[in-house]
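Asks: Let me give you the structure first, and then I'll get to my questions.
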Amino acid sequence: MAESVSTVELGDEIAVEVSDKSKSIPVTFSQDRHEKTVDYYSGTFTNASRSKTGVFFVQVDFLPKLLERFPTKVVKIDNTFQYGQKDKTGANRWVVFHDTALKPFQHRFAESLGRAYQFSQAALEIISKMGFTPGVDVGKFFEGLRGAIGHYLRTFGEK
Numbered sequence: 048m049a050e051s052v053s054t055v056e057l058g059d060e061i062a063v064e065v066s067d068k069s070k071s072i073p074v075t076f077s078q079d080r081h082e083k084t085v086d087y088y089s090g091t092f093t094n095a096s097r098s099k100t101g102v103f104f105v106q107v108d109f110l111p112k113l114l115e116r117f118p119t120k121v122v123k124i125d126n127t128f129q130y131g132q133k134d135k136t137g138a139n140r141w142v143v144f145h146d147t148a149l150k151p152f153q154h155r156f157a158e159s160l161g162r163a164y165q166f167s168q169a170a171l172e173i174i175s176k177m178g179f180t181p182g183v184d185v186g187k188f189f190e191g192l193r194g195a196i197g198h199y200l201r202t203f204g205e206k
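Counting from 48, one number per residue, gives the positions in the sequence shown under this note's numbering.
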């Protein structure tokens, strides 16, 4: 069996680096014909079992819940977590902990990071960890995101 290229899978334990000191990222999306904006903290995770790192988002209102469930910030991935990814291989998969009734498209997170960090070097590095190659031309970056339009976040454990 071939080794998975995914950064994280159901059942993995990841060490999360995110706090209320992390940058808050407003993610705007449409749901039920209404525009919504939900704030997320962005951070990183390390998956030692796969020797992979990735990007982690937690809805601002859900940070206390995350810390209550996982006080050491070592998180076991279950079906309360969702993910986005650049393509179907699972490479550069990022993790989201939020109200799963929310239905933002995956690309909204990369767009929101870019805007929040004003496409600084830090933003470009985070976006690259998500599997996107922003390059020098911001227009090309958003053009690349259009391929991801229409893909909602997925729930770990669901096909």
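Each residue gets a CB set at the ideal place from its N, CA and C atoms; glycine is no exception.
1) Give me the residue from S66, S159, F103 with the minimum Cα distance to N139.
2) Could you tell me whether the segment 69-83 touches the segment 91-98, where touching means 3 or more Cβ pairs closer than 8 Å?
3) Which residue or residues does DSSP assign as beta-bridge partners of Q78?
4) What did DSSP end up calling V105 once you bin it into helix, strand or coil?
5) Given this structure, state the Cα-to-Cα distance separating L160 from K70, to the nearest angstrom.
6) With G131 as the anchor, note down where its beta strand (DSSP E) starts and where it stops.
7) List the endpoints of the continuous alpha helix (DSSP H) containing K123.
8) On the DSSP bridge list, what partners appear for G90?
Replies: Judging by the given coordinates:
1) F103
2) no
3) H81
4) strand
5) 10 Å
6) 129-131
7) Segment 121-123 is the beta strand (DSSP E) holding K123; no alpha helix (DSSP H) there.
8) F103
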